[in-house]
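Numbering (our numbering), first residue to last: -5 to 244.
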């Protein structure tokens, strides 16, 4: 299992596209904007200028949706980024996001207190954008832990916790294995920013470090299970039904 220290010597090639990295450019994974200012021990990986900046808007969108969620907004480490998000929503430049959020909001019952449903509001999110950020994060964590770049024939299936019920029994067995490791082996957990972000990794092949399941947790509340497997398995294997339901971003 890796840790959140940046190990090894300076790399010269982007872990995402394999382009030559100029001037030692590195990217934070998960995105730096997801953490409170001054958080120590952030993971960085070699990335070219194009890959480093291409997902900036998605990174901010991901942060906004995560810290505004009821599962995460009460976490102590979410206070600063949540305040920044709310201040940004007041800016003229955020008018488009305000409109999209308002248009997607609807009344619902929310379990703020365990066992007690209260009136609240919920909003729709762009799962593809969320999945893109999580997928890129896993690529960075894979390199940080193993020094492996994701081969072109491999893909990453991202499943948010709200969709766990749509997984078949064999995938759920893998999820259960990762969750058991979470409960029973804190030494395998990597935690950054006093619980702002945590992750676990489990290999699903004795022959390869590449085939793996990752459990990512943001601010103690938002989980993502990510399967790193050959693309043919994502298209034709156990993931097929979930993909057709639009629940997995690849």
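A virtual CB, placed ideally from N, CA and C, is assigned to each residue, including glycine.
Owing to the predicted nature of the structure, the values given are computational and were not obtained by experimental measurement.
| Check | Outcome |
| --- | --- |
| Contact between the segment 40 to 50 and the segment 58 to 71: three or more CB pairs below 8 angstroms? | no |
| Per DSSP, which residues does residue 208 bridge with? Please list them. | 195 and 220 |
| Tell me which residue opens and which closes the alpha helix (DSSP H) that residue 129 is part of. | 121 to 140 |
| I'd like to confirm the pairing. Which residues does DSSP put opposite residue 20 in its beta bridges? | 40 |
| Taking the alpha carbon of residue 183 as the point to measure from, which residue in 208, 199, 201 and 8 has its own alpha carbon closest? | 208 |
| Going by CA-CA distance only, name the one from 189, 132 and 138 that's closest to residue 148. | 132 |
| With DSSP collapsed to three states, give me the class of residue 113. | strand |
| What whole-angstrom Cβ distance do residue 58 and residue 79 have, given they're in contact under 8 angstroms? | 5 angstroms |
| Answer yes or no: do residue 55 and residue 123 have a C-beta to C-beta separation smaller than 7 angstroms? | yes |
| Enumerate in chain order the residues of its own chain whose CB-to-CB distance from residue 14 is below 7 angstroms, with the five nearest sequence positions on each side excluded. | 6 and 7 |
| Determine the direct distance from the alpha carbon of residue 37 to that of residue 228, and round the result to whole angstroms. | 28 angstroms |
| Return the residue from the list 40, 23 and 142 that minimises the CA-CA distance to residue 202. | 142 |
| Just the C-alpha distance for residue 111 and residue 223, rounded to the nearest angstrom, thanks. | 39 angstroms |
| Residue 60 lies in the alpha helix (DSSP H); which residues open and close that run? | 50 to 62 |
| For residue 65, which residues from the same chain have a beta carbon less than 7 angstroms from its beta carbon, with the 5 sequence-adjacent residues on both sides left out? | 215 and 216 |
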